[in-house]
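Chains as they are written, first to last, in the numbering used here: chain A, 74 to 366; chain B, 433 to 658.
Below: one structure, written as structure tokens.
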Amino acid sequence: MHLNFHKKLWTESGPMPLQVTLELEPGALLGIHGPSGAGKSMLLRCIAGLERPDEGRIEVDGAVWFDSSQEIFVPPQHRKIGFLFQDSPLFSHLSVDENLKFACSDTNSRKGLLEKVGLTGLSKAYPSALSGGQRQRIALAQALARQPSLLLLDEPFSSLDPFIRTSIQNLIEDFHKRCSLTSFLVSHQMEDLLRMADRVVEVQEGKIISDLSRNQLLEQTASKSLRVQGEIIQTSDLNSYMISGNSVYPLNGMSKDSPTQRQQVEMDIELKVKEIRVVGKKESEIPGINGNK
Amino acid sequence: MEWGPLFLSIKLAACTTLILFLFCVPFSYVLTLLNPRLRSFIEAGSNLPLVLPPTVLGFYLLIFLSPTSALGEFLESTISLRLVFSFEGLVFASCIYSFPFMLQPILAGMQSLPRQIIELSYILGKGRFQTLLRVIIPMIKPHLVKASMMTFAHTIGEFGVVLMVGGNLPGVTRVASVSIYDHFEKMNYAQAHYTSLVLLVFSFTLLWFLTTLTASDQTRNAPKFS
Chain A
74 MHLNFHKKLW TESGPMPLQV TLELEPGALL GIHGPSGAGK SMLLRCIAGL ERPDEGRIEV
134 DGAVWFDSSQ EIFVPPQHRK IGFLFQDSPL FSHLSVDENL KFACSDTNSR KGLLEKVGLT
194 GLSKAYPSAL SGGQRQRIAL AQALARQPSL LLLDEPFSSL DPFIRTSIQN LIEDFHKRCS
254 LTSFLVSHQM EDLLRMADRV VEVQEGKIIS DLSRNQLLEQ TASKSLRVQG EIIQTSDLNS
314 YMISGNSVYP LNGMSKDSPT QRQQVEMDIE LKVKEIRVVG KKESEIPGIN GNK
Chain B
433 MEWGPLFLSI KLAACTTLIL FLFCVPFSYV LTLLNPRLRS FIEAGSNLPL VLPPTVLGFY
493 LLIFLSPTSA LGEFLESTIS LRLVFSFEGL VFASCIYSFP FMLQPILAGM QSLPRQIIEL
553 SYILGKGRFQ TLLRVIIPMI KPHLVKASMM TFAHTIGEFG VVLMVGGNLP GVTRVASVSI
613 YDHFEKMNYA QAHYTSLVLL VFSFTLLWFL TTLTASDQTR NAPKFS
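Pasting the structure below:
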């Protein structure tokens, strides 16, 4: 997938150019992070065809959806995309099953999707009778019903409580892995992106200011400075550790002048979280804990 | 009791409502797709009948449709249609006069729909026409009913435009409002009373129904605290 486009946006502080240049491998999940008004949602809207870029080119799976030089603009109804909006709009005059039928006429596929999102019993219900989490699940099933080649997720978790948020994230991850669906996820929450995205771009004032893989980002963000009081010990293999109460912190970057013998010290250390293991309870019993995350 | 003018009024209102409904639904949709500046210009023009005295509108329509005008001459020579002092002319004039009564509620209904609902329909593979038929029209049904009832009621009560464009030809253009005026002029007060009373009861019933419909719609959409 190749994106290279430009669009002038009008903000409260005046015009702001949105400049996007991105290459994305098929099946990848790209996270888009940035402050409000940075142009994240507009980026998705341009990909979906809901907005027309001023110039540039959008190419997905070899198909050109937009090319200003050749005056190509494929309207959204002819782009095979799934779009999950923040407020999960559903057609209020249609039942859950009819909402899915709007996107997919095959009865078995619809049944399968309802099963996957765990809402089989609600096929006759109307959107007004659904909770926020149920609406978001139906909206996800609807977005996937057309078997899209691209899934665009625009802050889909922002209005959900933490438990429902995690269950929707699990569902999306599950679909993403199973269908190898190229996806874009816009979120304010870096935790969501660190959990789900393979790669995260940071957008500020319409420009992509960083483009990092998940691991690079974990290195950067999953750290915390704290002041610790305790003892430093050095083992026979010359590794140093800080012992503070019941905690043992392996120390890197000790200088020659640092105390290396057992003695009480107080120092600032930076913790880098590489892996969190939950002990004392089966992982499968804990909501939101899934696989090696 | 003279029933002919009453039936003619109902026939005129039904024709006007049907024509305006079929025209205003797609017209409103097109308006919502236009840029706001052009839309407000067209809306202002469409709302002119709300503020113009009916006699002004009737006067210009009479000139515009008369057999000596370019349009009148063209219609008469090509399809032998004369719009002044004819029922067809009355329908045409009523459509102009009642246009904003149909347009405004439909437009308000369409503008009240969240933009994401329309966009969702596009994303799910439906074009503009399909979106209009399968999403917009079903979702603004209460507005469509209100628009039709207001247009119908307003056309029934028309007087100035109808008199100027149609005159007072019994069985052709003599609608209920013109008939009341005619009876009043001839001091036939009993007949004027009967027709007026029927119009009064009819209009009140229609408005009552409309108010009930609006109230039930508001109740349905109100937040529930339970």
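Glycine is no exception: its CB is placed at the ideal position from the N, C-alpha and C atoms.
In the three-state reduction of the DSSP assignment, Y322 of chain A falls in the strand class, which pools E and B. Fewer than three pairs of CB atoms, one per stretch, sit closer than 8 Å, so the stretch 543-556 of chain B makes no contact with the stretch 192-206 of chain A. Just measuring C-alpha positions, the residue of A:S109, A:G100, A:R251, A:Q92 sitting nearest E85 of chain A is A:S109. The shortest CA-to-CA distance from P229 of chain A to any of A:F139, A:S222, A:R210, A:I342 is the one to A:R210. Taking a C-beta distance under 8 Å as the contact criterion, F517 of chain B and T605 of chain B qualify as a contact pair.
Inclusion of L225 of chain A and F257 of chain A in the CB contact set at 8 Å is warranted, their separation being smaller than that value. In this structure, T646 of chain B lies away from T449 of chain B, with their beta-carbon atoms at least 8 Å apart. In the three-state reduction of the DSSP assignment, E188 of chain A falls in the helix class. Annotation for D134 of chain A: S222 place their beta carbon closer than 6 Å to its own, counting only its chain and skipping 5 residues before and after. The beta carbon of G521 of chain B sits closer than 7 Å to those of L497, L515, V597, G598, all from its chain and outside the five residues before and after it, given in chain order. For D271 of chain A, the three-state secondary structure derived from DSSP is coil.
For Y461 of chain B, none of the residues of chain A pass the 9 Å Cβ criterion, the least Cβ distance being about 16 Å. For Q536 of chain B, the uninterrupted alpha helix (DSSP H) run begins and ends at 519-544, by DSSP. Boundaries of the alpha helix (DSSP H) harbouring F459 of chain B: 436-465, taken from the DSSP string. DSSP places H249 of chain A within a helical segment (H, G or I) once states are collapsed to three. The criterion of a C-beta distance shorter than 8 Å is not satisfied by G477 of chain B and G603 of chain B. Counting along the chain, the unbroken alpha helix (DSSP H) around V610 of chain B starts and ends at 608-617. Judged by beta-carbon spacing, L97 of chain A lies beyond the 8 Å limit of A270 of chain A, meaning their Cβ atoms are not closer than that value.
When the alpha-carbon of L539 of chain B is set against those of B:M433, B:F641, B:P458, B:A624, the nearest one is in B:P458. Between K153 of chain A and D170 of chain A, the C-beta gap is not smaller than 8 Å, which leaves the two residues out of contact.
Counting only the Cα atoms, F146 of chain A lies some 7 Å from D140 of chain A. The beta carbon of I555 of chain B falls within 8 Å of a beta carbon belonging to chain A, placing the residue at that interface. Following the DSSP letters along the chain, one finds L223 of chain A inside the beta strand (DSSP E) bounded by residues 223-227. Contact between V93 of chain A and L123 of chain A does not hold, since their C-beta atoms are separated by about 15 Å, which reaches or exceeds 8 Å. For G303 of chain A, DSSP records a beta bridge to A:V338. Inside the stretch 109-146 of chain A, DSSP marks whole alpha helix (DSSP H) runs of 4 or more residues at positions 113-121, from first to last along the chain. In summary, Y621 of chain B is exposed, with fewer than 16 beta-carbon neighbours lying within 10 Å of its beta-carbon over all protein chains present. Residue burial is scored here from C-beta neighbours: N312 of chain A has fewer than 16 other C-beta atoms within 10 angstroms and is therefore classed as exposed.
Taking G107 of chain A as the centre and dropping the five residues before and after it, the same chain places the C-beta of K113, E275, V276, Q277 closer than 7 Å to its C-beta, in chain order. With the rule of 3 Cβ pairs closer than 8 Å, the stretch 183-192 of chain A does not count as touching the stretch 562-580 of chain B.
For M74 of chain A, no alpha helix (DSSP H) run applies, since DSSP gives it neither H nor E.
In the structure shown, S86 of chain A adopts coil according to DSSP, grouped into three states. Residue contact check for D284 of chain A against chain B: no CB pair falls below 8 Å. In chain order, E434, H615 place their CB closer than 7 Å to the CB of Q623 of chain B, counting only its own chain and leaving out the 5 sequence neighbours on each side. A121, L123: these are the residues of the stretch 112-125 of chain A whose beta carbon lies less than 7 Å from some beta carbon of chain B, given in chain order. In the structure shown, the three-state DSSP call for D160 of chain A is coil.
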